[in-house]
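To start, the structure itself, in structure tokens.
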Amino acid sequence: MSDERSHPGDGYSGDGHPGDGQALANELGVARRSRPVKGWWRRNWIGLVGVLVLAPLTIAFTFQSEWGRYYETRPSQPVTVDSGERVEFGGTGWQLVGADRIPGTSPDLADAGMPAGSDLVVVTIEVEPMQLDAEGKAPGCQLQLDQLTGSDTRTDTVAQRSWGDAGFSNIDFELDPDALTYCDSEITEPYTLETLFVIPSDAEGSFGVQVQLIDELPRYLLLLI
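Numbering (this note's numbering), first residue to last: 187 to 411.
Next up, the structure:
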């Protein structure tokens, strides 16, 4: 008769099923397989900490670079010029020679198609191209009218409100036929620039004409009225 008793170390009980020895072996096997995971964390924890530290720095650097590029392409550094004073800026001479505000209720604007509750500002600037580019063209420009904050316009040049020029709008107002309504880069001789701004009738205080040249940004010219 065969001996069906379990033998030490064979891992089976007398009924043919895994016994305590096999279960213990299985547990030990799991433990052995778990050790490399812990070892991996121990070997790589410095690298993981480095990633956690560098990731926010990388994001911050990217944000700072994008913000820097955005800041460099927007007008943020005014070059302030008193009314009537001539200045050279961006290879061009500029002089504000006129700024007339016409109330929207004026008979002169009766048929101009002005929006209700608005006034018209007519601005005249003498422009003298001096330095041309490689193609022999003068710099173009973009104009807007700023309502300035503070009482000292030489130092308080932050725009409270701004309005783009309405030279190409549907406002029916007769300008000087010899004047241009925009900066024409094809014109290399001195010319007169005359344009319109439509502003709310309740806009009060100090104003300035902002002249932007793309090659000069973030600097821009602020011609005080």
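Using N, Cα and C, we set each Cβ at its ideal position, and we do this for glycine too.
Express the C-alpha separation of residue j and residue i in angstroms, rounding to a whole number.
| i | j | result |
| --- | --- | --- |
| A302 | P315 | 38 Å |
| I411 | E402 | 22 Å |
| L409 | I311 | 9 Å |
| A365 | A285 | 15 Å |
| P293 | E390 | 22 Å |
| I400 | G236 | 42 Å |
| I288 | G353 | 15 Å |
| G233 | G225 | 14 Å |
Hey, residue i and residue j: beta-carbon distance below 8 Å or not?
| i | j | result |
| --- | --- | --- |
| L334 | S392 | yes |
| V308 | W349 | no |
| G290 | S387 | yes |
| D351 | G394 | no |
| D370 | A298 | no |
| T374 | L318 | yes |
| V313 | P363 | no |
| V265 | R405 | yes |
Buried or exposed for residue i, please, with buried defined as at least 16 other CB atoms from any protein chain shown within 10 angstroms of its CB.
| i | result |
| --- | --- |
| E380 | buried |
| A296 | exposed |
| D305 | buried |
| L282 | buried |
| A324 | buried |
| D344 | Strictly speaking, residue 344 in this sequence is Val, with Asp absent from that position. Answer is exposed; the Cβ neighbour count stays below 16. |
Is residue i helix, strand or coil by DSSP?
| i | result |
| --- | --- |
| I400 | coil |
| D297 | coil |
| L361 | coil |
| G290 | coil |
| R405 | strand |
| G270 | coil |
| V235 | helix |
| G394 | strand |
| R228 | helix |
| L318 | coil |
Let me check understanding here. Comparing Cα to Cα, which of the options lies closest to residue i?
| i | options | result |
| --- | --- | --- |
| C327 | G233, E372 and D358 | E372 |
| L407 | I232, E271 and L366 | E271 |
| L382 | L361, D319 and G225 | L361 |
| T378 | D268, V265, W280 and A345 | W280 |
| V397 | I232, E274 and V239 | E274 |
| S419 | I232, R260, M300 and G233 | Summary: the structure shown does not reach residue 419, with the chain confined to residues 187 through 411, and so no result is reported for it. |
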